[in-house]
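Participant: Take this structure first; my questions come after.
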Amino acid sequence: MAERYAVIGDPIGHSLSPLLYNTMARELGLDLAYGAERVSVEGLGQWVERVRREGWAGFNATMPHKLHLRALVDEETAQARYFGAVNTVRNDGGRLIGHNTDGDGFARMLAEHGRTFRGSRVTVLGAGGAAGAIVRKAFQEGAAAVTICNRTLARAEALAAEAPAVARAAGPDGPIPADTDLLINTIPAGGGPDGRAVAGLGPDALVVDILYSPPRTPLLEAAEARGLEAVNGLGMLIHQAILALEFYTRRQLPAAELAKTLYKAAESSIY
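Letter by letter, the sequence shown follows residues -17 to 253 of the working numbering.
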């Protein structure tokens, strides 16, 4: 019988995760079935108990569950504790282990574009679960400066306080430092920035929107109009998935080859 996995979120209908994991299963000859389950914040506890009761092998989580899951799993990996959120859960005989692949997945995507956090001047829009993982990865890899812009200033200040020598908090309208090398939007669809966010950036800045649906947001369109390199969140999702499957299977996977296959499968679905 195939091991059961799913991605949970609310909403969840747009998710490419089932396509990615089922594609990897076929490529690797794994006997697993991966679906999508709409789970509300109010229903999250019931979902966790269902996973235990029905013996699901694991699940991934997207908005709005990454922070809430921390209190519901039995154990957290070092990555989940450091990045402050859980987006991957493995069921070890009824004991649920929470993990996080956001920060490392994002860093792998940056590497595909010849970038790294080390020595970079980073501006992150938002301060939720994904933003927290990205910001902490920037701290971990030695970013020169990190500006966190968020509607709730206290949340941005709390993140910035983790690395006061390099980080600072700002309101939702910035200002975005003109010397920003990496501008990263983590705000959900409908609430994200418009073209004004890229107006003062230098010609070598990379603009990332972690959304992948739609593949081109107003922010990315504005960046491209200015001749800046613009990247959506598909690469982050793909590398998160590969890292999560390694966590589930406890084995190292051929990441570069899998990523090529997953990009092809995802792009044929999106475009």
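Cβ coordinates follow ideal geometry from the N, Cα and C atoms, glycine included.
If we call anything under 8 Å between Cβ atoms a contact, is Ala151 one with Ala142?
Facilitator: yes
Participant: Any idea what DSSP makes of Gly153, helix, strand or coil?
Facilitator: strand
Participant: Quick check: Ile192 and Gly177, are their CB atoms within less than 8 Å of each other?
Facilitator: no
Participant: Which residue's Cα is closest to the Cα of Glu(-15): Lys242, Leu92, Ala241 and Leu227?
Facilitator: Leu227
Participant: Can you tell me which residues form a DSSP beta bridge with Phe41?
Facilitator: Ala(-12) and Val71
Participant: Tell me the DSSP secondary structure of Asp161 in three-state form.
Facilitator: coil
Participant: If we require 4 or more residues per run, which alpha helix (DSSP H) segments fall completely within the region 6 to 43?
Facilitator: 26 to 36
Participant: Quick check: the Cα distance between Ser251 and Leu202, rounded to an integer number of angstroms?
Facilitator: In this structure, the CA atom of Ser251 is about 20 Å from the CA atom of Leu202.
Participant: Closest to Tyr230 by CA distance: which of Thr59, Asp155, Val148 and Gly209 is it?
Facilitator: Thr59
Participant: On the criterion of 16 or more Cβ atoms from any shown chain inside 10 Å, does Lys242 qualify as buried, or is it exposed?
Facilitator: exposed
Participant: Leaving out five residues before and five after Asn42 in sequence, what residues of the same chain have Cβ atoms less than 7 Å from its Cβ?
Facilitator: Around Asn42: Val(-11), Ser(-1), Asn69, Thr70 and Ala226.
Participant: Looking at the secondary structure, which residues open and close the alpha helix (DSSP H) in which Thr105 lies?
Facilitator: Counting along the chain, Thr105 falls outside any alpha helix (DSSP H), though it belongs to the beta strand (DSSP E) covering Arg103 to Leu107.
Participant: Tell me which residues share the same chain as Gly40 and place their Cβ nearer than 6 Å to its Cβ, disregarding the 5 neighbours each side in the sequence.
Facilitator: Tyr(-13), Val71, Arg72, Asn73 and Tyr230
Participant: Does the separation of the CB atoms of Leu107 and Cys131 fall below 8 Å?
Facilitator: yes
Participant: Confirm, please, whether the CB-CB distance from Leu210 to Ala181 is below 8 Å.
Facilitator: It is not a contact, given that the beta carbons lie outside the stated cut-off.
Participant: Measure from the alpha carbon of His95 to the alpha carbon of each residue in Leu240, Arg208, Thr162 and Val190, then state which is nearest.
Facilitator: Val190
Participant: Should His221 and Arg8 be called a contact, given that it needs their Cβ atoms to be closer than 8 Å?
Facilitator: Cβ distance not < 8 Å, so His221 and Arg8 don't count as in contact.
Participant: Sort out for me which residues DSSP pairs His81 with in a bridge.
Facilitator: Thr70
Participant: Starting from Ile220, trace the alpha helix (DSSP H) both ways and give me its first and last residue.
Facilitator: First-last of the alpha helix (DSSP H) with Ile220: Leu216 to Thr231.
Participant: Measure the beta-carbon distance from Asp84 to Pro46 and round it to whole angstroms, keeping in mind my assumption that it falls under 8 Å.
Facilitator: 14 Å between Cβ atoms; not a contact.
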